[in-house]
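Engineer:
2 protein chains.
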Amino acid sequence: MKKALGIDIGGTKILYGIVNEKGEILSELKKTPTPKTADEIYSTLKKIIEENYNDIDAVGLSSAGAVNLENTRVLSSTPNLPDGYNQIDFSTLSDKKIYVENDANCACAAEYQNGAGKGFRTVLMITIGTGIGGGMISEGKLFRGSTGNALEVGSLKIFADKRQKCTCGRYDCWESYASGTGLKNCAKTGAQTYPEFKTSIYKDKLPQDITTYDITDGVEKNDDFCVKVFNQWIDYMFVGLVSLTDIFNPDCIVISGGMCSFIDVEDLEKRINEESVVSNTKVKTALTGNNAGMIGAGVLALSASSR
Amino acid sequence: MKKALGIDIGGTKILYGIVNEKGEILSELKKTPTPKTADEIYSTLKKIIEENYNDIDAVGLSSAGAVNLENTRVLSSTPNLPDGYNQIDFSTLSDKKIYVENDANCACAAEYQNGAGKGFRTVLMITIGTGIGGGMISEGKLFRGSTGNALEVGSLKIFADKRQKCTCGRYDCWESYASGTGLKNCAKTGAQTYPEFKTSIYKDKLPQDITTYDITDGVEKNDDFCVKVFNQWIDYMFVGLVSLTDIFNPDCIVISGGMCSFIDVEDLEKRINEESVVSNTKVKTALTGNNAGMIGAGVLALSASSR
């Protein structure tokens, strides 16, 4: 079976290891701090690839940002990565097949091949962290759209009356309601409108200072205000997921990201199947964790090099 | 080049003709009234296929309703078609390859192959009539989801606070705001909230009796109330289209259906590219008209029989 070097280029560290077509990890995983300049990132990647050159058939790179249709460049600058990063032509790193893909798409590939989405036909992956990202694979093929930028699901509008401004500058993006940032927004709005705030453990905090941790902690302590804010947040998440279920008709939705440990996926699955037009969608929590980008990049590189 | 008999099974008539892989019509188009029972529909289709048997390689059928993954049955009963229709196994109609597909998907295939979407990579088709339907083709392949029911875009939720009940029983579906029915709903709501209603040519009408025709006619007459209602309707349509642009990253959106003649697609294109995350989407009006279902069914049948 062919093998790829999977490399996850994160804002703080680069994680890498060797995987096969099934998404199984075949080597010890290694990491190194992400250098501060684009040139140093390039030379670090080159060195990592050279060290593994004789053991691999292809190289997959997972990165934040929008990736071009040819899977050779990261087009958009991302705040966590240095100036000039979007000028790198990754295909020049080696004479092995090089394949760059957006981190959310890589995570989706990892879950499809060897995670919670294994064995399903159409897997929709939703990553809920500070923002919301997504990926979708159907019949083994990642859906990329016309320029490689599909599944910008965080920008799905869940209101049509310009009620809340998103950090992206647009209005009513799903991620401004249903991400980690969204939970903080729910708390801020709720503090002004829910009578429960007056008796909450956070009643002396400024609404804008209530954190996502405050709310999840308050839910554990059964604080009425926190429970109400949290349920509103779940309702916002639910509305977006139902729309996406009707759009993609997935047999499996995989939820990942920093917020996913707070979500009751069984309850969400039940509600989605009650509300969506077609009902037989499983909702699962991601299994590949921090290795998702690395595994998915490797799997996608091997799939691309076999075409 | 191979040829297919394309058959569009409508609520009132069955339209059919011979098309090639390019979606070109090769024969005179014929039509016959849609019989009132499922048995008669079956025997009528059988007769039509037999008449054309020697000239064709495959048969494509376009129908309202949800189609199974094997493209042999229409699973959901549709109000315009008789009891027992969902019991028909269309694959038994002939020993030629038979391929049934949902009418919105067929229309999308027709536009992609030989209509407004010709030459584009990822074509999203949105049909705006009494309701809203959709289809999406990328790299020549129709996206069907896990059970063949993807692109239920009419159910996209554009509010998250249960503000308007849809005819489907759910709340805040896009089609309850942005279809023909949606325009009527906009008029009804607007009559209660817009001060312009007091001086409108429809001021003596009951809000629920204002029709879509009243509004489009009133817009031509420059009635302030009608203009305001119409612009609200366009805004609702826009919100859904921006979300779908961010989700599918299409290079072309084709608008079809009874309401599309009222839509300024150039203005919509400009606004979508200003608002969506990635900006280079063309918005066009469908070209294949009443032949869309017939052409698309034929094209899809030939594509399926060549696999």
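Sequences listed follow chains A and B, in order.
In this text, residue positions in the first sequence follow my numbering: the first is 795, and each later residue adds one.
In this text, residue positions in the second sequence follow my numbering: the first is 795, and each later residue adds one.
C-beta: ideal position from N, C-alpha, C; glycine also.
Model, not experiment: these values are computed from the prediction.
#1: Look at the alpha carbon of CYS960 of chain A and the alpha carbon of ALA954 of chain A, and state the distance between them as a whole number of angstroms.
#2: Closest to ILE843 of chain B by CA distance: which of B:GLY1092, B:LEU918, B:ALA1098, B:THR872 is it?
#3: Is it buried or exposed for PRO873 of chain A, if we count other Cβ within 10 angstroms and need 16 for buried?
#4: Do three or more CB pairs link the stretch 1022 to 1037 of chain A to the stretch 964 to 979 of chain A at distances below 8 Å?
#5: Can you give me, in chain order, the residues of the stretch 1003 to 1032 of chain A that have a beta carbon less than 8 Å from any beta carbon in chain B?
#6: Which term fits LYS824 of chain B, buried or exposed, when burial requires 16 or more other beta carbons within 10 angstroms of its beta carbon?
#7: Closer than 7 Å by beta-carbon distance: list the chain B residues that pair up with LYS951 of chain A, in chain order.
#8: Given this structure, state the Cα-to-Cα distance separating GLU818 of chain B from VAL1021 of chain A, to the nearest angstrom.
#9: In the DSSP output, which residue or residues are listed as bridge partners for GLU895 of chain A?
#10: The ligand ADP and ALA985 of chain A: does the residue's C-beta get closer than 7 Å to at least one heavy atom of that ligand?
#11: Should the stretch 906 to 918 of chain A be called in touch with the stretch 926 to 941 of chain A, which here means at least 3 C-beta pairs below 8 Å?
#12: Using a Cβ-Cβ cut-off of 8 Å, state whether ASP897 of chain B counts as contacting chain A.
#13: Would you be able to state if there are at least three C-beta pairs under 8 Å between the stretch 1035 to 1049 of chain B and the stretch 999 to 1007 of chain B?
#14: Should THR1039 of chain A go down as buried or exposed, given a rule of 16 or more other Cβ atoms within 10 Å for buried?
#15: With 16 as the cutoff for other CB atoms within 10 Å, does MET795 of chain A come out buried or exposed?
#16: Taking only the alpha-carbon atoms, compute the straight-line gap between VAL868 of chain A and ALA858 of chain A and give it to the nearest angstrom.
#17: Under DSSP, the alpha helix (DSSP H) around CYS980 of chain A begins and ends at which residues?
#18: Helix or strand or just coil, what does DSSP make of MET1031 of chain A?
#19: Start and end of the beta strand (DSSP E) containing GLY927 of chain B?
#20: Since THR826 of chain B sits in a beta bridge, which residues does DSSP pair it with?
#21: To the nearest angstrom, how far is it from the Cα of ILE821 of chain A to the Cα of ILE812 of chain A?
#22: Does the count of Cβ pairs from the stretch 886 to 894 of chain B and the stretch 832 to 852 of chain B closer than 8 Å reach three?
#23: Quick check: what's the CA-CA separation for ILE922 of chain A versus ASN1084 of chain B?
#24: Quick one: is GLU905 of chain A buried, meaning 16 or more other Cβ sit within 10 Å of its Cβ, or exposed?
#25: Using the Cα positions of GLU1063 of chain B and SER994 of chain A, report the straight-line distance between them to the nearest angstrom.
#26: Closer than 8 Å by beta-carbon distance: list the chain B residues that pair up with ASN943 of chain A, in chain order.
#27: Roughly how many angstroms lie between the CA atoms of ASP1186 of chain B and ALA852 of chain B, to the nearest whole one?
#28: Can you tell me which of the three DSSP states THR1005 of chain B falls into?
#29: Would THR987 of chain A count as contacting chain B if we go by Cβ distances under 8 Å?
Structural biologist: For this structure:
#1: One C-alpha to the other measures close to 13 Å.
#2: Nearest in C-alpha terms to ILE843 of chain B, of all of B:GLY1092, B:LEU918, B:ALA1098, B:THR872, is B:GLY1092.
#3: Under a 10 Å Cβ-count criterion, PRO873 of chain A is classified as exposed, with fewer than 16 other Cβ atoms of the shown protein chains found around its own Cβ.
#4: At 8 Å Cβ cutoff, the stretches touch.
#5: Those would be ASP1029, TYR1030, in chain order.
#6: Exposed is the label assigned to LYS824 of chain B, since fewer than 16 other Cβ atoms lie within 10 Å of its Cβ.
#7: Scanning chain B for C-beta atoms nearer than 7 Å to the C-beta of LYS951 of chain A yields ILE952, VAL1033, VAL1036, SER1037, reported in chain order.
#8: One alpha carbon belongs to GLU818 of chain B, the other to VAL1021 of chain A, and they sit about 60 Å apart.
#9: The partner list for GLU895 of chain A (beta bridge, DSSP) reads A:SER856.
#10: Looking for the ligand ADP in the displayed structure turns up nothing, as the structure carries no ligands at all.
#11: The stretch 906 to 918 of chain A, when compared against the stretch 926 to 941 of chain A, does touch it at the 8 Å Cβ threshold.
#12: No, no contact with chain A.
#13: Flag = no, the stretch 999 to 1007 of chain B and the stretch 1035 to 1049 of chain B do not touch.
#14: By the Cβ-count criterion, THR1039 of chain A is buried, with 16 or more other Cβ atoms from all chains shown falling within 10 Å of its own Cβ.
#15: Looking at its Cβ environment, which holds fewer than 16 other Cβ atoms inside 10 Å, MET795 of chain A is exposed.
#16: Looking at the two C-alpha atoms, the distance is approximately 8 Å.
#17: Boundaries of the alpha helix (DSSP H) around CYS980 of chain A: 974 to 987.
#18: In the structure shown, MET1031 of chain A sits in a helix (DSSP, three-state: H, G or I).
#19: 926 to 932 is the span of the beta strand (DSSP E), which, as asked, contains GLY927 of chain B.
#20: Per DSSP, the beta-bridge partners of THR826 of chain B are B:ILE808.
#21: A small correction: the amino acid at residue 821 of chain A is Ser; Ile does not occupy that position in the sequence shown. One alpha carbon belongs to SER821 of chain A, the other to ILE812 of chain A, and they sit about 5 Å apart.
#22: Three or more beta-carbon pairs separated by less than 8 Å link the stretch 886 to 894 of chain B to the stretch 832 to 852 of chain B, which places the two stretches in contact.
#23: The alpha-carbon atoms of ILE922 of chain A and ASN1084 of chain B are separated by roughly 43 Å.
#24: GLU905 of chain A should be labelled buried.
#25: GLU1063 of chain B and SER994 of chain A have their C-alpha atoms roughly 48 Å apart.
#26: The contacting residues are ASN1043, VAL1071, VAL1072.
#27: The question about residue 1186 of chain B has no answer, for chain B in this structure spans 795 to 1101.
#28: In this structure, THR1005 of chain B counts as coil in the three-state DSSP scheme.
#29: Taking Cβ atoms only, chain B never reaches closer than 8 Å to THR987 of chain A, which makes this a no.
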